[in-house]
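Comments concern the structure below.
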Amino acid sequence: MSSLTSAVLWSQKLLKEKLKRGDFVIDGTAGKGNDSLFLAQHVLPDGLLWAFDIQAEAIEKTKGKLEEAGFSARAYSTLPSLGLSDQLGEQAKKNFALLQEGIHLIRADHSEVDQLLAQPLECPPLKGAIFNLGYLPGGDHGVTTQAETTISALQTLSKHLAPEGRLVVVVYVGHEGSAEEAEAVDKWWTDLPHEQWDTLSISFPNRRGHPPYVLLAEKKKVKGRCK
2 MSSLTSAVLW
12 SQKLLKEKLK
22 RGDFVIDGTA
32 GKGNDSLFLA
42 QHVLPDGLLW
52 AFDIQAEAIE
62 KTKGKLEEAG
72 FSARAYSTLP
82 SLGLSDQLGE
92 QAKKNFALLQ
102 EGIHLIRADH
112 SEVDQLLAQP
122 LECPPLKGAI
132 FNLGYLPGGD
142 HGVTTQAETT
152 ISALQTLSKH
162 LAPEGRLVVV
172 VYVGHEGSAE
182 EAEAVDKWWT
192 DLPHEQWDTL
202 SISFPNRRGH
212 PPYVLLAEKK
222 KVKGRCK
């Protein structure tokens with residue numbers, strides 16, 4: 002496939018334009034680890050990467066890919082136990098500190114990111130997030146991202162995204178439940194207020210079948226404000 006018609010390459014190119022070493026980024030769908038590796042290569046060292054996936058297989062594949070490339074990643078079998086700092090046990094305090102630097106692979110639905118971002122983090126503001134919707138390539142096609150949780154995650158991330166930060170989503174159609182998710186994501190994108198967001202879509206009209214497409218949203222820098 003030509004790089005011109007690769008939705009994944011377009012999604013990475015669009016996010017890369019805004020990334021630098023030391024940034025905080027999120028991979029909402031770890032999958033086989035391709036996006037996580039891409040993000041790590043652009044924000045590490047000194048940066049922070051959280052990657053989410055509900056499947057243990059995806060977390061394992063992502064960890065392996067990162068380690069093969071020379072990155073160290075901490076994997077969690079469930080959402081790390083956290084709370085406000087004065088209420089934490091010792092292990093939770095350790096988790097809280099660790100989550101603010103390096104690479105963290107979390108076996109949890111991406112909608113649960115709100116529980117982590119609600120904490121008083123001292124890391125840089127979120128600079129970007131990337132999603133590849135659908136199912137794990139080569140995995141169980143019955144386990145897919147869902148409209149409700151995807152929208153929940155996007156809503157949370159949009160609130161925490163830094164000015165000039167970007168959300169990028171590759172939308173896949175053709176599998177069961179994909180039409181409902183695509184419709185919900187398209188509507189969410191369309192409803193973003195133009196005073197606060199710039200948006201872009203990339204599609205491939207003459208490709209046969211059900212080609213994926215890319216959606217981008219960049220938060221505008223509001224004059225007179227720090228955020």
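Using the working numbering, the first residue of the sequence shown is number 2, and each one after it goes up by one.
By construction, the Cβ of each residue, glycine as well, lies at the ideal position given by its N, Cα and C atoms.
Are residue i and residue j closer than 7 Å when you measure CB to CB?
i           : j           : result
residue 24  : residue 37  : no
residue 50  : residue 41  : yes
residue 106 : residue 60  : yes
residue 113 : residue 162 : no
residue 110 : residue 150 : yes
Counting along the chain, where does the beta strand (DSSP E) carrying residue i start and finish?
i           : result
residue 165 : 162 to 172
residue 34  : First-last for residue 34: undefined, no H or E at that position.
residue 55  : Per DSSP, residue 55 belongs to no beta strand (DSSP E) and is neither H nor E.
residue 26  : 25 to 28
Could you check if residue i is buried or exposed, using at least 16 other CB atoms within 10 Å of its CB as the buried criterion?
i           : result
residue 18  : exposed
residue 98  : exposed
residue 8   : buried
residue 11  : buried
residue 13  : buried
residue 209 : exposed
residue 211 : exposed
The alpha helix (DSSP H) that contains residue i, what's its start and end?
i           : result
residue 12  : 8 to 17
residue 118 : 114 to 118
Rounded to whole angstroms, how far is the Cβ of residue i from the Cβ of residue j, which I believe are closer than 8 Å?
i           : j           : result
residue 170 : residue 132 : 4 Å
residue 101 : residue 124 : 4 Å
residue 75  : residue 103 : 7 Å
residue 213 : residue 173 : 5 Å
residue 145 : residue 129 : The Cβ separation is near 23 Å, so there is no contact.
Give a yes or no on whether 7 Å exceeds the smallest Cβ distance from residue i to chain D.
i          : result
residue 29 : Looking for chain D here will not work: only one protein chain is present.
Nearer than 6 Å: is that true of the beta carbon of residue i relative to any heavy atom of the ligand MG?
i          : result
residue 12 : The ligand MG is not part of the structure shown, which contains no ligands of any sort.
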